[in-house]
Amino acid sequence: MGIYFLLLIVGLCWGQYNPNTLPKRTSIVHLFEWRWQDIALECERYLAPNGFGGVQISPPNENVIITDPQQPWWERYQPVSYKLCTRSGNETEFRDMVTRCNNVGVHIYVDAVINHMCGANAGAGDHATCGSYFNAKTEDFPAVPYSDWDFNDRKCKSRSGNIENYQDISQVRDCRLVSLLDLALEKDSVRSRIADYLNRLLAIGVAGFRIDAAKHMWPVDVKAILDKLKDLNTQWFPAGTKPFIYQEVIDLGGEPIKGSDYFGNGRVTEFKYGAKLGTVIRKWNGEKMAYLKNWGEGWGFVPSDRALVFVDNHDNQRGHGAGGSSILTFWDARLYKMASGFMLAHPYGFTRVMSSFRWPRYFENGRDINDWVGPPSNEDGSIKPVTINPDTTCGNDWVCEHRWRQIKNMVIFRNVVDGEPFSNWWDNGSNQVAFGRGNKGFIIFNNDDWPLNVSLQTGLPAGTYCDVISGQKEGDFCTAAKVQVAADGMANFLIGNEDEDPFIAIHVDAKL
Ligand code: QV4
Ligand code: CA
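Going from the sequence shown to my numbering is simple: count from 1 and add 6.
See the structure below:
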């Protein structure tokens with residue numbers, strides 16, 4: 007078999023697992039609820055110059071407008087049609103965003119809500135973001151079109167018609183997730199409507215899809231839809247490139263449905279990752295960073311090349327979905343930066359950085375009753391623009407974690423060390439740990455309650471390195487701490503346990 011034919015076959019079957027980012031672009035950022043015009047600007051002014059590989063965007067298809075509570079963020083997970091208009095923008099703005107981001111090498115990944123339409127209680131009328139008429143009661147969605155025989159009602163065996171038991175595989179797939187009208191994905195007509203929607207997005211230039219609520223779809227039905235998809239647009243991608251697929255499958259163990267059930271379709275979200283990392287960095291349940299020596303498959307996670315990993319996501323940063331109270335978010339800034347630093351330095355998985363908006367958390371009996379609050383918006387319901395402050399942070403209550411120096415610099419770190427092995431692990435048996443990535447990068451943490459003072463083998467070439475956590479290399483200078491690596495690769499590290507950020511990271515592109 008000719009080598010080229012072999013490469014073609016490898017390329018084809020590797021296709022949907024490959025994130026389709028440019029070479030040495032190893033992370034994407036979820037710009038949750040951002041408007042398309044702001045994403046286009048961010049691609050050009052920030053993401054491209056700082057080596058972000060792409061953007062996960064909020065669902066771009068028409069959704070129901072909910073007024074009680076007032077336009078919650080989650081109304082965007084209640085589709086009314088596959089028309090491209092939402093509070094983030096219209097089709098023209100969507101096309102402009104994809105083109106401008108692709109033109110600077112930052113690719114777009116669409117959050118595809120294809121398991122269901124809106125909630126059974128969403129009423130009837132044209133209260134939807136494109137003004138399309140629909141009737142949830144009669145399951146009538148003329149703008150797709152879908153009618154009642156395109157839904158799973160007769161298939162679901164639960165009393166309420168909703169998922170009542172996650173131990174029952176058929177219920178999880180064929181009943182309604184929190185009353186969301188569940189599509190009959192075994193029907194070719196339904197599969198074709200969805201494939202048409204995704205193919206329109208591919209023709210516009212998107213690079214792949216987050217498959218929302220994948221756990222609630224039979225893997226074979228998802229596969230049948232993916233098999234109808236075209237290759238990526240050759241204006242920006244090599245001919246024959248398959249869309250990157252990552253499926254939202256919450257598998258923390260204890261349920262019959264597993265992430266591995268979906269490996270045939272693409273990658274899966276590994277929710278154990280953020281839940282465990284949060285527990286370790288918080289030092290709960292006797293966990294300590296020294297145990298991270300075998301992080302990755304050693305902790306029971308899916309194989310690295312099937313994993314999409316993240317510290318938090320839009321659900322579990324506000325108590326939805328999975329991960330519970332151990333999940334670290336921007337509200338826990340100091341620990342969050344450590345967790346993000348560890349994730350971005352470690353070779354396991356394909357990494358996604360969360361970028362959030364601030365909302366008025368209000369806890370009653372341990373629960374945030376404002377978990378529904380939608381993006382910063384004006385009186386008329388329009389989403390507020392992302393303003394950029396002189397210090398490069400964001401205004402209008404956009405958190406912009408991806409712009410935090412420590413996180414942005416670790417996205418660059420991951421690019422610099424891409425392909426290098428996990429090496430030179432050291433720990434003190436407690437919460438002081440360090441590791442390198444071949445001869446390209448090295449990172450060290452102090453999460454103990456006493457100072458760290460140790461000389462270690464970094465694996466790096468001799469020289470003066472700028473710490474990219476406390477500062478960075480600007481021109482020929484380090485803006486903050488430096489690390490001297492000797493000819494034998496040894497370096498001494500001092501980290502106070504009260505430091506603003508008790509970790510140091512160095513790499514060969516931050517060397518004087
Ligand atoms: C409520 C009751 C129902 C009742 C219904 C009708 O909970 O029992 O039958 O009213 O009276 C919103 C409300 C929810 C409401 C539902 C229907 O929060 O209370 O049901 O609408 O009106 C997001 C939010 C959900 C939200 C949903 C739709 O998280 O709270 O529900 O959008 O607006 C599981 C899944 C996993 C899922 C996760 C949240 O396995 O796939 O739950 N994660 C994805 C997305 C998530 C989204 C959905 C799936 C649905 O990441 O953001 O849910 O698309 O773990
Ligand atoms: Ca389903």
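For every residue, glycine included, the Cβ atom is placed at its ideal position computed from N, Cα and C.
Within 8 angstroms, strictly: CB atoms of residue i and residue j
i, j, result
"M416", "A487", "no"
"I501", "I418", "no"
"P225", "G270", "yes"
"G329", "A296", "no"
"G214", "F250", "yes"
"N437", "D454", "yes"
"L314", "S33", "no"
"Y172", "A220", "no"
"G284", "Y354", "no"
"S513", "V422", "First, the amino acid is wrong: residue 513 is His here, not Ser. Contact flag set, yes."
"F89", "A149", "The residue asked about is misnamed: residue 89 is Lys in this sequence, not Phe. Going by C-beta atoms, K89 is nearer than 8 angstroms to A149."
"R409", "Y52", "yes"
"D102", "S64", "no"
"A230", "R199", "no"
"V86", "E97", "no"
Residue i CB to nearest heavy atom of ligand 2 below 7 angstroms
i, result
"R197", "no"
"N121", "yes"
"H222", "yes"
"D267", "no"
"N319", "no"
"N158", "yes"
"R340", "no"
"D154", "no"
"D180", "yes"
Beta-carbon proximity list for residue i, same chain, < 8 angstroms, skipping 5 on both sides
i, result
"H222", "N121, H122, I169, V178, R179, L183 and D188"
"D154", "T144, E145 and D146"
"F499", "A440, I450, L458, N459, V460, S461, L462, V489 and I510"
"K278", "D257, L258, G259, W305, G306 and F307"
"M344", "I287, F451, N453, D507, P508 and F509"
"G447", "A351, F419, V422, V423, E426, L466, A511, I512, H513 and V514"
"K414", "N56 and H408"
"P78", "I72, W378, V379 and G380"
"N384", "K390"
Residues near residue i by beta carbon distance below 6 angstroms, same chain, minus five either side
i, result
"K234", "A201"
"G347", "M416 and F509"
"L18", "With a pLDDT of 48 at L18, under the threshold of 50, the modelled position of this residue cannot be trusted; read the value that follows with caution. Excluding positions up to five away in sequence, the list is empty."
"Q22", "K248, I251 and G272"
"K161", "D180"
"G246", "D237"
"D505", "none"
"P75", "W378"
"F100", "W42, P66 and L90"
Residue i beta carbon near ligand 1 (any heavy atom closer than 7 angstroms)
i, result
"D218", "yes"
"V112", "no"
"E480", "no"
"L186", "yes"
"Y83", "yes"
"L183", "yes"
"G327", "yes"
"I63", "no"
"M125", "The sequence as given places Gly at residue 125; Met does not occur at that position. For ligand 1, at least one heavy atom lies less than 7 angstroms from the Cβ of G125."
"I256", "yes"
Neighbourhood of residue i by C-beta, 7 angstroms cutoff - its chain only, sequence neighbours within 5 removed
i, result
"R364", "D403 and V405"
"Q241", "G211"
"A54", "V110, G111 and V112"
"K264", "D257"
"R106", "A46, C49 and E50"
"A128", "V70, Q84 and A142"
Report task. Please confirm if the stretch 424–435 is in contact with the stretch 325–337, defined as three or more CB-CB distances below 8 angstroms between the two stretches. Result -> The stretch 424–435 makes no contact with the stretch 325–337; the number of CB pairs closer than 8 angstroms stays below 3.
Report task. Check whether the stretch 25–43 touches the stretch 395–402, counting contact only when three or more Cβ pairs, one atom from each stretch, lie closer than 8 angstroms. Result -> no
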